[in-house]
Structures are given as C-alpha cells and as structure tokens.
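Q: For the sequence shown, this note's numbering assigns the number 196 to the initial residue and increments by one for each residue that follows. One structure is given below, represented as structure tokens, and several questions about it will come after.
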Amino acid sequence: MKDKELSYEESFVLINKMINTAKNNLHDSGIGPMLWGIVIPVCSIETFLEIKEVITLPFSIWFLTVIALIIQVYVSIKQSKNRKAIHYDDVAINLIWMVFGIGIGMIVWINSAVFNELNILQSDFFSITGKKAAFHFSEFTSAYFLLWYGFPGIITGGIKKFKPMLIGGIICWVLSIVTLYTHVANDMLLVAIGAIAAWLIPGIILRRKYSILNQKVHV
C-alpha cells in the first residue's frame, strides 16, 4: 500500500513537473506555432486572390506578420514572468522562435523596399525598350520564405523529438524547391500549405497535449 501511495505521489510530481516545464511556454503550449500557422496562410491566400484580381487591399497584408511578432513578444514576456522552471532547451527554442519572427518582419520589409526599386527599374526598362522585363523578383520570393519557415520547425521538432513539427519543417523545404518551378500565384498556395503543415497542425496537437496535462494536474 505504501508503494502504491508513493507511486501515486511520484506520478503527481512527475506530471506537475511536466506542466511547470511546459506551462506558459509559447512553443510547448502550441500558442506560437498556431499564431504563425494562422497568420501566414491568411497572408498567402489573400496574396493569391490579389494576383488573381479577385480582391485588392490598400495595404500589404504581409504587415500582419509585424503585428503577429508584437503579439508573440508581448505574450512571451508576460508568460516568462510566471514560469516556475526555465530549462536551457526552452531558452534556446524561445530564442529561435523570437529570431524567426523578427526575421519574417525583416524579410517583408526588405521585400517591400526591393519591389519598390524594381518597379521603377521595370518602368524605365519598358519606356526605353517598349518591352516588359522577363525577370520578376516576385516569382522567387516564396522559395526563401519557405526555406526560412522550415528552420524553427526542424530545430524545435528535433530538440523536442516532436515529429509533426519536424516533418512540417521538411515539407517547407521541399515546397521551397517546388516554388522555383511554379507560377507565383500557385506559390502563395504552397506557402499556405507549408505554414499549415509546419505550424498550425503541430500547434493544434501541442495545444491538445498541453490541455490534457493541465487537466491531469488539476484532478
């Protein structure tokens, strides 16, 4: 009977330790991956619709990524204050996701500047030659976006031994190569698929596991 009681107590301590490790952690709770797994597909699908001339917005939808980054930073800082246990793995992974978010914002900003300059050059080229430029920078941007998208998933999935996120990151890398040979409109759909595979689906799985652990601790 004593052994059983000790076993129950040890089980409770173990579960509680797992919760304290995962509690208020953006990647373990699924919040971070789900955030990006929603924002990126929304931006990609809207861009696809703009290319198809279905809708037109007066601003770049991709600046939503800046808002997502602000949300991630705010939530991360707020939750880190309540975290009871901080492990080196968690510090490293949180930093990876933070750098990833900042990187997306920087890529969007750089792309915007490059597109503005290229539009001027292409306009001058057309006025001089009467021909449209054969090279379109937009046809290649999805490739390095997807390459960048794969990094946090592969690293996080590898460190945490979480296969859905690892596989999702690899899918992003495969799609990165595929976009080199597809039309820019289809590239946007591939970006959406990559984000859903790398973040949204793994994020939902993590969120469910996190909720189950929380329920066990409070039983």
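Backbone N, C-alpha and C fix where the C-beta goes; we use that ideal spot for every residue, glycine too. Note that the coordinates shown come from a computational prediction; the quantities given were computed from them, not determined experimentally.
#1: Could you check the C-alpha separation between residue 403 and residue 359 for me, to the nearest Å?
#2: Give the straight-line distance between the Cα atoms of residue 396 and residue 309, rounded to the nearest whole angstrom.
#3: Residue 270 and residue 323 - do their beta-carbons sit closer together than 8 Å?
#4: Once DSSP output is grouped into helix, strand and coil, what is the label at residue 346?
#5: Could you have a look at residue 326 and say whether DSSP puts it in helix, strand or coil?
#6: Determine the closest residue to residue 234 out of 387, 406 and 408, with distance taken between C-alpha atoms.
#7: So the candidates are 315, 362, 339 and 353; which of them puts its Cα closest to the Cα of residue 371?
#8: Please give me, in chain order, every unbroken run of the alpha helix (DSSP H) with length at least 4 that falls completely inside the stretch 365-396.
#9: Apart from the five residues on each side of it in sequence, which residues of its chain come closer than 8 Å, Cβ to Cβ, to residue 241?
#10: When the Cα atoms are used, what is the spatial distance from residue 232 to residue 318?
#11: Does DSSP put residue 251 in a helix, a strand or coil?
#12: Got a sec, what are the start and stop residues for the alpha helix (DSSP H) residue 258 sits in?
#13: Where does the unbroken alpha helix (DSSP H) through residue 239 begin, and where does it stop?
A: On the basis of the coordinates in this document:
#1: Residue 403 sits at position 208 when you count from the first residue of the sequence shown. Residue 359 sits at position 164 when you count from the first residue of the sequence shown. Each residue's alpha carbon lies about 14 Å from the other.
#2: What you label residue 396 is simply residue 201 of the sequence shown in a count that begins at 1. What you label residue 309 is simply residue 114 of the sequence shown in a count that begins at 1. Cα to Cα, residue 396 sits roughly 33 Å from residue 309.
#3: As a first step, residue 323 is located in the sequence shown; it is residue number 128 there, counting from the start. As a first step, residue 270 is located in the sequence shown; it is residue number 75 there, counting from the start. Contact: no.
#4: Here residue 346 refers to the residue found at position 151 when the sequence shown is read from its first residue. Helix.
#5: Here the question's residue 326 lines up with position 131 in the sequence shown. Residue 326 falls in the coil class under three-state DSSP.
#6: Within the sequence shown, residue 234 is the residue found at index 39, counting from 1. The candidate whose alpha carbon is nearest that of residue 234 is 387.
#7: Position 176 of the sequence shown, counting from 1, holds the residue named residue 371. Minimum Cα distance to residue 371 is reached at 339.
#8: 379-390
#9: The residue labelled residue 241 in the question sits at position 46 within the sequence shown. Correct list, in chain order: 250, 252 and 256.
#10: Here residue 232 corresponds to residue number 37 of the sequence shown, with the count starting at 1. Here residue 318 corresponds to residue number 123 of the sequence shown, with the count starting at 1. If I take the Cα positions, the gap works out to 36 Å.
#11: Within the sequence shown, numbered from 1, the residue matching residue 251 stands at position 56. Here residue 251 sits in coil by DSSP.
#12: Reading the sequence shown from its first residue, position 63 is the one you call residue 258. Where residue 258 is concerned, there is no enclosing alpha helix (DSSP H), given that its DSSP letter is neither H nor E.
#13: In the sequence shown, counting from the first residue as 1, residue 239 sits at position 44. Note, residue 239: alpha helix (DSSP H), 226-246.
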